[in-house]
Every structure is written in C-alpha cells, then in structure tokens.
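Visitor: Dropping the structure in here first, questions after.
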Amino acid sequence: MRKCFAWFRFGNICDSSAHFSPLTTGHTGFAFDGTTFPLCRRNSESRTTNALPLDTSEAQSHKDQMKSLLPKPVGLSRTIFVVLLLAVLGCRVASDSLPPRVDVLLWFDTEDYLLPADDDACLRLATLLSDRGIRSTFKVVGEKARMLERRGRTDVITALRRHAIGYHANFHSVHPTPTEYLADSGLMDGVSEFIRREGGGAADVRRIFGVPTLACYGQPGSSWAAQGVVALGPIGVAPDGVPCYVDEGSNVGWEQRPFWYAGALHMYHMGANHTRMELHDPSEVETGMKEVSAVVDRLSREDHGGLISIYYHPCEWVHQEFWDAVNFRRGRNPPREEWKAPGQLPPAETEAAFQRFAAYIDHIRGIPGVRFVTASDLPNLYPDLARRNGLSEAELKQLGQRIVDQAPTGLGAQTVGEKVLSPADQFECLTLAVKQMVDTGMARYPVRPGGLLGPDSPPPAIHHPTEISALAFRDTLRDVENFIRTQNRVPSRVYIGPDSIPPADFLVTVASAFLAMTTQGSFSTNAPFSIPVGITNSLERFIAPDSPSLFGGWIIHREGFRAPRVVEIARLQAWTLKPARRAIEP
Numbered sequence: 001m002r003k004c005f006a007w008f009r010f011g012n013i014c015d016s017s018a019h020f021s022p023l024t025t026g027h028t029g030f031a032f033d034g035t036t037f038p039l040c041r042r043n044s045e046s047r048t049t050n051a052l053p054l055d056t057s058e059a060q061s062h063k064d065q066m067k068s069l070l071p072k073p074v075g076l077s078r079t080i081f082v083v084l085l086l087a088v089l090g091c092r093v094a095s096d097s098l099p100p101r102v103d104v105l106l107w108f109d110t111e112d113y114l115l116p117a118d119d120d121a122c123l124r125l126a127t128l129l130s131d132r133g134i135r136s137t138f139k140v141v142g143e144k145a146r147m148l149e150r151r152g153r154t155d156v157i158t159a160l161r162r163h164a165i166g167y168h169a170n171f172h173s174v175h176p177t178p179t180e181y182l183a184d185s186g187l188m189d190g191v192s193e194f195i196r197r198e199g200g201g202a203a204d205v206r207r208i209f210g211v212p213t214l215a216c217y218g219q220p221g222s223s224w225a226a227q228g229v230v231a232l233g234p235i236g237v238a239p240d241g242v243p244c245y246v247d248e249g250s251n252v253g254w255e256q257r258p259f260w261y262a263g264a265l266h267m268y269h270m271g272a273n274h275t276r277m278e279l280h281d282p283s284e285v286e287t288g289m290k291e292v293s294a295v296v297d298r299l300s301r302e303d304h305g306g307l308i309s310i311y312y313h314p315c316e317w318v319h320q321e322f323w324d325a326v327n328f329r330r331g332r333n334p335p336r337e338e339w340k341a342p343g344q345l346p347p348a349e350t351e352a353a354f355q356r357f358a359a360y361i362d363h364i365r366g367i368p369g370v371r372f373v374t375a376s377d378l379p380n381l382y383p384d385l386a387r388r389n390g391l392s393e394a395e396l397k398q399l400g401q402r403i404v405d406q407a408p409t410g411l412g413a414q415t416v417g418e419k420v421l422s423p424a425d426q427f428e429c430l431t432l433a434v435k436q437m438v439d440t441g442m443a444r445y446p447v448r449p450g451g452l453l454g455p456d457s458p459p460p461a462i463h464h465p466t467e468i469s470a471l472a473f474r475d476t477l478r479d480v481e482n483f484i485r486t487q488n489r490v491p492s493r494v495y496i497g498p499d500s501i502p503p504a505d506f507l508v509t510v511a512s513a514f515l516a517m518t519t520q521g522s523f524s525t526n527a528p529f530s531i532p533v534g535i536t537n538s539l540e541r542f543i544a545p546d547s548p549s550l551f552g553g554w555i556i557h558r559e560g561f562r563a564p565r566v567v568e569i570a571r572l573q574a575w576t577l578k579p580a581r582r583a584i585e586p
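Residue 1 is where the sequence shown starts when you use the working numbering, and the numbers rise one by one after that.
Structure representation (structure tokens):
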C-alpha cells in the first residue's frame, strides 16, 4: 500500500490557485491549539483525484510527533512550510514513479442448469476466491438461478452473492437464441423483442440473488446483437446507472481495450489482453502463469495501466462436454422433457483442476501492482467524462474545428482534453448548442451529451443540395433537435424541405455553422451554409463484417448461419463507438 503523510498548520494552504485538493478519505487534517489544519496533496492532473489511503494508527503516531515539533505561535515560518511542501511533492513524485496499476477482471459464465455437480463447482469457486479476498463476476443464466432456487441451494446463492452478479441470457442455448430471433429485426423493434424474451430472466436473477441491478451482461456463445446492448438499461443491467457488457467476441471492439458502444461500457474483444490457463492439462499451468505475467508486464509499461480479461465456466471443472452441445447442437431443439445432462468428470480430475486454478490465481495475486476488479467497478474505472462534465465553449470550438478539418477522412471519435466523444455525442452537442444560439443568441454551457443511439436505417443516396439558406438551416436545425430530443437517436436522414441528406453530412454542416457563429458572435440570415457531400463514418471499420463463421461458428447455431441484418444494425450503431478512457488513479 502506498502511504504518504504530512500535516500543515498554515491557514488555507489548499488554495485552488495552487492546484491542491483536500484528501477525501475522511482524514481531512488534525486539530492543534484549537485550529484544524487541512491535509493536502498536490494534484496536477485533476482537482478531484481520489485520496491516498491513510492508516489511522500510523497517522496518530505521526500526528503526535508533528505536534512536538511545531512551534506554539499560530504563524508557521516560511522555512517550515517550504520543507513540508517539498515533502508532499516528494511523496507525489514517488507515487508517480510506481508502475501503473493493472486490473484483472475474472468472470464466470454460470450457465449449466442440467448437471447438478455444476452447483457444487460454483460454490467451490466462489468460496475459493472469497477466502483469498478476491471478488469476481458470475454471469448467471436465468434458468440456472431458478434451478438453484428449486434445488434449495441457498448455500450456492449466498456464496455467489459475495461476488458481482451479472446476467448471461434467460435460457442461453435454447432456440431461438438472441441472434436467431433478432435476425430480421430493426433497431427499436429488436430492442423490444430482446426485453420481452430476456427481461424476465434478468428479473429472476436479481430477485433470487437479492441485488438491485446486475453488474453486466454477455451474450450466450456468439449469439450477439446490438439491440441486446441497447436493452441492458431497461432490463436492469446498469451498475451505477451505467449499462455494462462483459464477454469475449469479435463483433465490435476498440484496439483490445474497453470501449463505449450503444450506450454501454464494454469489456469485449480484448485480444491480447484476454488470457486464461487450461484447467485439465498439468503442463499448461506454468504456461498460463507466464502468459498472464507477460500481459501484466506489457500493460504496466503503458501510461495508465490496463485491464486483463480472464473467463471460465464453472461447468468446465466437472463436465465431459458442454451441456448445451449435448442438447442444442447445430439447431437441435428437443422439448424440455428430453434435455439430458452431460457426462461428469471423475472426482480426481475435478480436484486436480481446482488445485491448478488455485495455483494460477495465487500467482496472479502475487504479481506486484495487480488487483482484481469486478464488472461493477467498470463505471468508476472508465468514467465517461463527456457525459459527466459536459463541454465548455472552448472545448466545443476545438471539437467543431476537428470535425471540419477531418471531414475528408470521415467521422471518428474525438478526444478533447480528458473527454472522449463518439460521432453521436458530437452530433448531439453541436445540434443543441447551435439551436440555442439560433433561438436565443447564446448557448448554455457546459453542453452535455445524453447518449444518443445511432440511426435505425441506412442514410439516403448521396444526391442532395450542396448549399442551404440560413433560414432553411434554422428550420432544419429545429426539426433535428426535436427528433433527437424525442427519439434519442441520430436521424437516418435530415430533411431540408423535400430533400434529405445523410446525418454525417449534416454533422459537418452544423460544426461549420457553430464555428462561423462563434466567430461572428451571432446567427446571420444573410449568408448560406455549404453542405458537404459523401462524409463517411470511419468507425464502421471496427464492426465485424458478415461471414458464415461470425454467428455460424458457434456449435449451437446451424452451421453457416448468417444474420446480415444484425450486422447492418451493428454498423449503424458505430455512431456511438468510442474508446473508454481509464481514470487516473493515485
């Protein structure tokens, strides 16, 4: 644990002009001669950086020593103040010299509701980790939770509840799976269908485990769809009010790092930052340890550390074959009365797997600078500062200029200071600001994006006017603002009288208008606005293309199963894509 102590008896040393901030651990200073002296730390990155931890007993000892050294008069000499100030700055430098923290998110797809031995595996895993002071994430299938309740396994429920509880679909592999029943859906009707089919299971998991919200969701197998991401908030998957998606797949991603997409914070498609040890091969233990150590070493050399994804299924410890492959392989869908449990491994093999896993976990927790986190921690580790704090006028000018300058290469995510904005965020902020400027003469700052979804259908063909009068722009702007306020998504097309233009072209237009109006100081009805043609969304490259293996590669789907409409909706939601920026920690 990093510790640094200093006490000051010097008026208001936490003056904001010096970029100091009070520590927020509950230890704000100490009393001496009837005066309270604030405990401060230099804060060059942010005025709201979290505090360093304080040990109460050690703090009291230091406090007593300092009381004997401090002079009785109220004033503190400049020399003592400088010495103490340098001590604090030195502590900060020492803290900054330590390697960035690397977090490990260990998660379990808790899904086998047919093999009772899986219940015992869940209990043992949860207990093994709790005994080591580790919290992990158990993504529970709705039917699995109901079966634990029917079997009276309150011991398993209690053990799992000590960890973060996520959601892993209602029935997992019973057909139709999410991609199957969303294959021909649009955006909003698909969201409604996902809620109808999966919402009851999420409610059951919350009820059985006694949690107000679920930590995350992840799709069964490769049965993914963007509509399911949008539906997470409505079905109660939103720790701290932030929908979280935790799984592994290739449908969408951002350079093997956490990202925001369709309003949810994702740990998905982690690539080289995903690792795991093979449980049933003794020779793989050392290999698994070396691999995770190598990932930690690589991430610890990056500016703010990083996140490692490790996942298992509790049933892997006890089964001979995955339960769903036994029953639902390649489109088979027997009635419930004919479901069969998979074969079970010999007890000795299960025991050996647990011993290997325990050694693997002990190795990870012994690596300096590593800590285990859960899906519930993600919103605080990767806050969306654009939505939390909004943009000032200067920041919005910077954003507008970047959009205009980079228009020839297409729309992309933009970083302004520590705030990251998706194209949908950009569209919302600039539309709101310019509409206010047109109507009232000034925008109200900060301008905060609320989190628009992307369009629900492709844009119109690129044949439209290249110029719009100021008054026609005003009327179009008001219509667009009304649309995003009532529909909460980027429009598929923006109407200029009888003509329509793609939303990407309109975004560049409104960015240009904002820059012109801030330069002129007001909205002028004399000069027309130019409309660019053919602006693309460069973020579509992060969406996996349709292929026979994208969905058909999962053993549960029919071989070669494809869902091009699902891919199209996913590509439209690339408007919402942006990297998640890791919070700076002390």
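All C-beta atoms in this analysis are idealised placements derived from N, C-alpha and C, irrespective of residue type, glycine included. The structure presented is a predicted model; accordingly, all values stated were derived computationally and were not measured.
So the beta strand (DSSP E) G190 belongs to, where does it begin and stop?
Guide: By one-based count along the sequence shown, residue 190 stands at place 190. For G190, no beta strand (DSSP E) run applies; the uninterrupted alpha helix (DSSP H) run containing it begins and ends at 187-209, by DSSP.
Visitor: Identify whether P602 lies in helix, strand or coil by the three-state DSSP scheme.
Guide: The structure shown has nothing for residue 602, since the chain only spans 1 to 586.
Visitor: Buried or exposed for P347, please, with buried defined as at least 16 other CB atoms from any protein chain shown within 10 angstroms of its CB.
Guide: In the sequence shown, the residue the question calls residue 347 occupies position 347. By the neighbour-count rule (16 or more Cβ atoms within 10 Å), P347 is not buried but exposed.
Visitor: Buried or exposed for I462, going by 16 or more other Cβ atoms inside 10 Å?
Guide: Here residue 462 refers to the residue found at position 462 when the sequence shown is read from its first residue. Exposed is the call here.
Visitor: Flag this pair as yes or no: are the beta carbons of A563 and F551 separated by less than 8 Å?
Guide: Numbered from 1 along the sequence shown, position 563 holds the residue referred to as residue 563. Numbered from 1 along the sequence shown, position 551 holds the residue referred to as residue 551. Result yes, Cβ atoms of A563 and F551 sit closer than 8 Å.
Visitor: Find the nearest neighbour of P579 within the set Y245, D112, L265, judged by alpha-carbon distance.
Guide: Position 579 of the sequence shown holds residue 579. For the residues Y245, D112, L265, the minimum Cα distance to P579 belongs to L265.
Visitor: Under three-state DSSP, which class holds L279?
Guide: Locating residue 279 in the sequence shown gives position 279, counting from the first residue. It is coil, neither helix nor strand.
Visitor: For W260, which residues does DSSP report across the bridge?
Guide: Within the sequence shown, the letter at position 260 stands for residue 260. According to DSSP, W260 bridges with L265, K578.
Visitor: Just the Cα atoms here: how many angstroms apart are T110 and H168?
Guide: What you label residue 110 is simply residue 110 of the sequence shown in a count that begins at 1. What you label residue 168 is simply residue 168 of the sequence shown in a count that begins at 1. Rounded to the nearest angstrom, the two C-alpha atoms are 8 Å apart.
Visitor: Just to confirm, is the Cβ distance from A516 to S376 under 8 Å?
Guide: Counting from 1 along the sequence shown, the entry for residue 516 is found at position 516. Counting from 1 along the sequence shown, the entry for residue 376 is found at position 376. No, the pair does not count as a contact, with Cβ atoms beyond the cut-off.
Visitor: Given that a residue counts as buried once 16 or more other Cβ atoms are within 10 Å of its Cβ, and exposed if not, what is Q573?
Guide: Here residue 573 corresponds to residue number 573 of the sequence shown, with the count starting at 1. Label assigned to Q573: buried.
Visitor: Could you tell me which residues DSSP puts in a beta bridge with C244?
Guide: In the sequence shown, residue 244 corresponds to position 244, counting from 1. In the DSSP assignment, C244 is bridged to L265.
Visitor: So K340 is in the beta strand (DSSP E); what residue range does that whole segment cover?
Guide: Within the sequence shown, numbered from 1, the residue matching residue 340 stands at position 340. That residue, K340, is in no beta strand (DSSP E); it is neither H nor E in DSSP.
Visitor: Using a threshold of 8 Å, state whether the C-beta atoms of K419 and N389 are closer than that.
Guide: Working through the sequence shown from its first residue, we reach residue 419 at position 419. Working through the sequence shown from its first residue, we reach residue 389 at position 389. Cβ distance < 8 Å, so K419 and N389 count as in contact.
Visitor: Do you know how far the Cα of H269 is from the Cα of S524?
Guide: Position 524 of the sequence shown, counted from the first residue, corresponds to residue 524. Position 269 of the sequence shown, counted from the first residue, corresponds to residue 269. Answer to the nearest angstrom: the Cα atoms are 48 Å apart.
Visitor: Return the chain-ordered ranges of every alpha helix (DSSP H) run that is complete within the region 315-388 and spans a minimum of 4 residues.
Guide: Within the region 315-388, the complete alpha helix (DSSP H) runs of at least 4 residues are 323-328, 347-365, 378-381.
Visitor: Is the CB-CB distance between K144 and Y181 below 8 Å?
Guide: Here residue 144 refers to the residue found at position 144 when the sequence shown is read from its first residue. Here residue 181 refers to the residue found at position 181 when the sequence shown is read from its first residue. For K144 and Y181, no; Cβs fall outside 8 Å.
Visitor: Name the residue from G253, R146, H175, D240 whose alpha carbon lies nearest to the alpha carbon of A203.
Guide: By 1-based counting over the sequence shown, the position of residue 203 is 203. It is R146 whose Cα lies nearest to the Cα of A203.
Visitor: Which stretch, first to last residue, makes up the beta strand (DSSP E) that contains V420?
Guide: The residue you call residue 420 lines up with position 420 of the sequence shown. Counting along the chain, the beta strand (DSSP E) containing V420 begins and ends at 419-421.
Visitor: Keeping to the same chain, check which residues put their C-beta closer than 7 Å to that of L214; ignore five residues upstream and five downstream.
Guide: Within the sequence shown, residue 214 is the residue found at index 214, counting from 1. The answer, listed in chain order, is I165, G166, Y167, A202, V205, R206, G236, V237.
Visitor: Can you grab the Cα-Cα spacing for the pair E338 / C315, in whole Å?
Guide: Working through the sequence shown from its first residue, we reach residue 338 at position 338. Working through the sequence shown from its first residue, we reach residue 315 at position 315. Answer to the nearest angstrom: the Cα atoms are 20 Å apart.
Visitor: What separation, rounded to the nearest whole angstrom, lies between the Cα atoms of H464 and A544?
Guide: For this step, residue 464 is matched to residue 464 along the sequence shown. For this step, residue 544 is matched to residue 544 along the sequence shown. About 30 Å.
Visitor: Compute the distance between the beta-carbons of P455 and S492, then report whether it is under 8 Å.
Guide: If you number the sequence shown from 1, residue 455 lands on position 455. If you number the sequence shown from 1, residue 492 lands on position 492. Yes, the pair counts as a contact, with Cβ atoms nearer than the cut-off.
Visitor: Specify whether the region 390-402 and the region 445-455 touch according to this definition: at least 3 beta carbon pairs, one from each stretch, less than 8 Å apart.
Guide: yes
Visitor: Measure from the alpha carbon of S538 to the alpha carbon of each residue in R257, I403, W224, then state which is nearest.
Guide: Here residue 538 corresponds to residue number 538 of the sequence shown, with the count starting at 1. S538 has its Cα closest to that of I403, out of R257, I403, W224.
Visitor: Going by beta carbon distance, what residues of the same chain come within less than 6 Å of R276, once the five residues before and after it are set aside?
Guide: Locating residue 276 in the sequence shown gives position 276, counting from the first residue. Within the same chain, R276 has close Cβ partners I310.
Visitor: What number of angstroms, rounded off, separates the C-alpha of R582 from the C-alpha of F138?
Guide: Your numbering for residue 582 matches position 582 in the sequence shown. Your numbering for residue 138 matches position 138 in the sequence shown. Computed Cα separation, rounded: 23 Å.
Visitor: Span of the alpha helix (DSSP H) holding Y181?
Guide: Counting from one through the sequence shown, the residue named residue 181 turns up at place 181. Here the alpha helix (DSSP H) through Y181 covers 178-181.
Visitor: Please report the distance separating the alpha-carbon of T48 from that of P383.
Guide: Within the sequence shown, the letter at position 48 stands for residue 48. Within the sequence shown, the letter at position 383 stands for residue 383. In this prediction, T48 has a pLDDT of 33, which is less than 50 and means its spatial position is unreliable; what the coordinates show is noted afterwards. Computed Cα separation, rounded: 13 Å.
Visitor: According to the neighbour-count rule (16 or more other Cβ atoms, all chains shown, within 10 Å of its Cβ), is A87 buried or exposed?
Guide: Along the sequence shown, read from residue 1 onward, the residue named residue 87 stands at position 87. Here the model assigns A87 a pLDDT of 44, short of 50, so the residue's position is not dependable, and the following value carries that caveat. Of the other Cβ atoms in all chains shown, fewer than 16 fall within 10 Å of the Cβ of A87; this residue is therefore exposed.
Visitor: For the alpha helix (DSSP H) containing A513, list its first residue and its last residue.
Guide: As a working mapping, residue 513 is identified with position 513 in the sequence shown. Unbroken alpha helix (DSSP H) run through A513: 503-520.
Visitor: Please state whether DSSP places E302 in a helix, a strand or coil.
Guide: For the purposes of this step, residue 302 is identified with residue 302 of the sequence shown, where counting begins at 1. Here E302 sits in coil by DSSP.
Visitor: Which residues in the same chain as V533 place their Cβ atom closer than 8 Å to its Cβ, once the five residues preceding and following it in sequence are excluded?
Guide: Start at 1 with the first residue of the sequence shown, and residue 533 comes out as number 533. Answer for V533: I462, H464, T466, D505, listed in chain order.
Visitor: Short of 7 Å in beta carbon distance, which residues of its chain neighbour D247, apart from the five on each side in sequence? Order them along the chain.
Guide: Walking along the sequence shown from the start, residue 247 turns up at place 247. Same-chain partners within the cutoff: G218, Q219, Y268.
Visitor: Could you give the DSSP three-state label for N537: helix, strand or coil?
Guide: Mapped onto the sequence shown, residue 537 falls at position 537. Three-state result, N537: strand.
Visitor: Just tell me which of Q487, R485, I361, D405 has its CA closest to the CA of A132.
Guide: Start at 1 with the first residue of the sequence shown, and residue 132 comes out as number 132. Note that residue 132 is Arg in the sequence shown here, rather than Ala. When Q487, R485, I361, D405 are compared, the shortest CA-CA separation from R132 is found for I361.
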